[in-house]
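Read the structure below first, then the notes.
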Amino acid sequence: MSIQRPLGPIGHCSARLRRLLAIEEEEALGRTVRVRRDVRDAVRDRKPRGNRWSRSPDFAVPGAFHQRFVSADGKVTFNFTFEPVSKTSDGGCQIKTSEGTRRLEAGAPKDHDAYIDRPEAVEVTISPDGFDRYAVRPSATEAIDGERAVFSNISPDPLERQAYWQAVHEHERTPGVDRLTLVPENASRGAWQALATAPDVPDVIRDVAAAFATARGKRKTCTIPLDDLAIDGAVAGKLVKTLATILGTGKKKKAVRVSEGRGGRTQYRLTAEFPDGLDAAGRRTVTQAICDRLDSFGIMYVAAIHAPDHHNDRRNHHLHLACHDRPARKIGDRWDFTIAETVAGQHGRVRYPYAQKKVVEWSRDPDGGNHRDHGTTMVAEMRTFFADRCNEELDRLGVTRKFHPGTLRSLGCDRDGQKPLGTRAAPLEAVGVPTAKGIDNAELLWSALLREAWTAAEKRTKARTALRRKLAEAECRFAEGTAADQAHVAAIRDLTARLDAADAVLRQHDAECAEYDVTLAMARARPDKAITVCRRILKAIGEGKADSAEQRANVAIAARADAAETFLAGIAAIEHDHAPELAKYRTAVTTAQAEVEAIADAAKPLIDRPAPARTPEPARPDPRATLEALFDRIMADDMPILPPEGTVAGYRVPGVTRAEFAALTTPALAEMAQKRLAVLADIQAKRMTAAAKHLASVGTEVLTRAAADGDPGAARTLKHVRAYGAHPVYLRALAEAQKTEPPVTAPAEKTGRTWRDFIGGLLGHNPPVQPSTPIEPTPQPPVPEPAEDAALSPRDEAIAALAAALLADPALRVAEGKHGLVIDTADAPDWRVSADVFADAPAVLDAMRRRHAAPWLDHSAIERNRLLADLHAALMGSLRPPLRKVGEQWDVDLTDKRLADLATRWRGYDRLDVLLTDVDRQWRGTDVDRYIVEGSTSVGTADVTVSHVPDLVTDRGDGLHDDRTFVPMGWGDRGRGWSGER
């Protein structure tokens, strides 16, 4: 969801405010604040001359001043810095901050007063002993119960502490000289050759570059002391840039760099703000906890709690702490690490026998890890320790806002953290003078606030949409209920109408009101901050608490406050011009938001109320499961299938239920159903043919008596006669059988045992003689609705269909490919996509192996019957015995090589084995002939699925073979040959 740009009166008011500011209007329309390029360039090019009161302010530039982000559970981030100070080769020192390394001046007591006069700069420009004096100066430290809040295990005397820091600085390791490092692998040989011939490059560097360009094999990094080049660090930095330009290298892959000598650490500086709401006792408790922790390590420290003065906000209570990681003690009037002894026998060498080792855990990982990562972890642990101690004291005071030691993003805020302004830019920004860092921070802050305002409005819109959807769902639940439910429906409709009205107002004005509030705060940020600071300093001047520089700038400070007031007056004029519209629409938005909250409260019980109980609708049967149950019932109950005739193109099943008829005519299943019915109709035709021949050969009376005597074959024939007696296929088969085989009747004198022997000779049993009963077709019993089966997924159905088609469709072939078996769909293009997609499915792979092992499946059932009939005729017409059994295999000797090859390739096919066995028996004089009926109840698996037709005597083979039923033929059929599939 995205809210459109506002076009109403409040949106125009926001546009007027933006035009008052020095920002890009087009960027602001995209919810991004960008200061105009000309203003930014002017700030960047302005030379830092004069103090903050002599520089010109620009209140049209947004200032990075706003309330701190507070999470939903009342947590805020806080300022916490930890910076190391180390010794430099020239006897001075340097401090490492988040913005890089800065040089500091050497410690000197005489510089103390100058640094006190400029408290805004002392933190990053004074030496360790100067920092001690700054941190504990009486004008800044807080007095708690009449005692200044200074904590130290060095000495309570400021002079002794300053002497201690001076001694630390003098006795820490002095670094070696700074060097210019050249790395040959970071530039090409051609680049080094260009540097070797470049003018205005020192000869020493050209010689090294020439060596790098011509040397063979591995080249070592070379370092050149800056003293040999007769340049200092500043000049060396400029030289590095020049050399990088000649070499064509960038910042990521430096071929030349300045390597500073590493000196000993002389001090660590910690600065942390205390939370607003923490009293003096709490601040002292927190500071004492930190000092106790340092004491436990043996760290030497001095700490002081600073109270805000007229230069700071009233809430600016903060902690300054300076420490050193070498434990020390006084021996007489000297510190132990300063006491030196001459080493005997070594001229000029001294040792410090009483100096204690530094605390390794403070700067090195005890487990041997990376020291930089360890330092980062240590600072994070110190920050967390400080936050926990502050939060404990806030809990004691009942303050709900707590410190969070993590980042803004860990609090759920999408803002990027602002860059530290530093002690030079912060005083300028506070009185309206824009700086480059301040502009960057302002763009980050106000862009984020604009995005947050619009995001919050969009979330409120989504919440209203969700509430309306829930109301609509609740209305549907109660729409068909009782009278009480109808009352709920009326209440829900009323709430929905009220919600729609409130939503219309909020969609038009909520977002633009939020945008206006952010724009107004942005416009007022810099002048409001300048007025607050100026008034605070003017008050201090009036009370005699200001320093001499501020007293001299009294007039300039007052003029700065007036300029800020004038800018605010322009903002107020815009607000006045739009005051009626602002009041009107703000009231409308406030009223609509309150209405939405009331609607949500009233709708909650209706939304949460369960729906009235209703009789569940009967589950709809699965058409596929219904068809499977119907097919099983057709075979089990001998339901006749009528073939297509006349204008009727499909197979029909009389007596099906409504659900079964619907499943048969379902468009998605109709083709599959007709294929299955065709297979079942073929099986029924075979049953009917066998039953007609059996009836014609022995007669009704014989069958009836045999069935009554318990003969299962006769009973089955009678069952088929009753089921299919009116079927046209049966009637035709019976007529043909009666023409060729007149009914065999027993002689009148053959009764009792003789009759049973006669029937046994025909059927292989001895059925008793029973009275003849008429054979009538019996009506089909009603079949209950099939239970709903678990439906297969579309993918599983497609895989099963492909596997079944591989075993049933002769058009699909399986051949040997380059990497194994492949499916040939040249004659079956409808299966091409399925074969490509599902060829790796286990079921398909199994079907491919079985199909490849059964070459007879490459022919349809009719073709197989024809080929087997041709083979049978050729075998029976041979002039000499054509068969010879070798082990378990038949060796066929025929002049027709096509049929002989077929007999070889189809080895393992049960029907072929039966045919060959029958032929061999006939050649050997065997007096048993067989009629074979085969079939299946599953489409596509004609030679796999076990038949449901248990006709007379059934022989089921193993593997990929047809189900067969052998029916004894009449004595007059001997030698007439072999009959196969219909």
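Reading the sequence shown from the start, the letters are residues 16 to 997 in the working numbering. In this text, a Cβ means the ideal position worked out from N, Cα and C, and glycines have one as well. Every value quoted in this text rests on a predicted model; they were computed, and no experiment measured them.
Under DSSP, residue 345 takes part in a beta bridge, and its partners are 350. Separation of residue 425 and residue 399 (C-alpha to C-alpha, rounded to the nearest whole angstrom) is 14 Å. Relative to the Cα of residue 668, the nearest Cα in the group 857, 814, 873, 649 belongs to 649. Using a Cβ distance threshold of 8 Å, residue 822 and residue 865 count as a contacting pair. Here residue 655 is not near residue 666, since their CB atoms are 8 Å or more apart. Rounded to the nearest whole angstrom, the C-alpha separation of residue 512 and residue 88 is 35 Å.
Runs of the beta strand (DSSP E) spanning 3 or more residues and lying entirely within the region 240 to 315 occur at 271 to 274, 280 to 288, in chain order.
Non-local beta-carbon contacts of residue 922 in its own chain, meaning distances under 7 Å to residues more than five positions away in sequence, involve 904 in chain order. For residue 333, the enclosing beta strand (DSSP E) has its first and last residue at 333 to 339.
Within the model, the alpha-carbon separation for residue 440 versus residue 99 is close to 22 Å.
Here DSSP, grouped into helix, strand and coil, assigns residue 104 to coil. Rounded to the nearest whole angstrom, the CA to CA distance from residue 224 to residue 255 is 14 Å. For residue 739, the number of other beta carbons within 10 angstroms of its own is at least 16, and it is reported as buried. One thing to note: residue 359 has its Cβ no nearer than 8 Å to the Cβ of residue 335. Note on residue 385: under 16 other CB atoms within 10 angstroms of its CB, so exposed under the neighbour-count rule.
The shortest C-alpha to C-alpha distance from residue 65 to any of 571, 890, 727 is the one to 571. For residue 582, DSSP assigns no beta-bridge partner whatsoever.
Under the three-pair Cβ rule at 8 Å, the region 539 to 559 counts as touching the region 324 to 331. Assignment of residue 558 by DSSP, reduced to helix, strand and coil, places it in the coil class.
The DSSP assignment places 437 to 445, 451 to 493 as complete runs of the alpha helix (DSSP H) inside the region 430 to 503, in order along the chain (cut-off: 4 residues). Annotation for residue 524: 23, 25, 600, 603, 604 place their beta carbon closer than 7 Å to its own, counting only its chain and skipping 5 residues before and after. Boundaries for residue 838: no alpha helix (DSSP H) harbours it, while the beta strand (DSSP E) harbouring it runs 835 to 839, taken from the DSSP string. Take the alpha-carbon of residue 247 and the one of residue 190: they are about 15 Å apart. For residue 719, the three-state secondary structure derived from DSSP is helix.
Just so you know, the alpha carbons of residue 85 and residue 501 end up roughly 46 Å apart. The beta carbons of residue 749 and residue 688 sit about 29 Å from each other, so the pair does not count as a contact at 8 Å. The three-state secondary structure of residue 871, taken from DSSP, is helix. For residue 116, same chain residues with a beta-carbon under 6 Å away, outside a window of 5 residues either side, are 109 in chain order. Taking each of 713, 452, 427 in turn and checking the Cα distance to residue 435, the smallest one comes out for 452.
Membership of residue 229 in the alpha helix (DSSP H) is indicated by the continuous run 218 to 229. Secondary structure in the region 876 to 947: the alpha helix (DSSP H) runs of 4 residues or longer, each lying completely within the stretch, are 876 to 891, 912 to 920, 925 to 938 in chain order. With respect to the 8 Å criterion, residue 462 and residue 47 are classified as neighbours on the basis of their beta carbons. The C-beta of residue 642 has 16 or more other C-beta atoms within 10 Å across all chains shown, which makes the residue buried.
Boundaries of the beta strand (DSSP E) harbouring residue 166: 165 to 167, taken from the DSSP string. In the structure shown, the three-state DSSP call for residue 212 is coil. For residue 848, the uninterrupted alpha helix (DSSP H) run begins and ends at 847 to 853, by DSSP.
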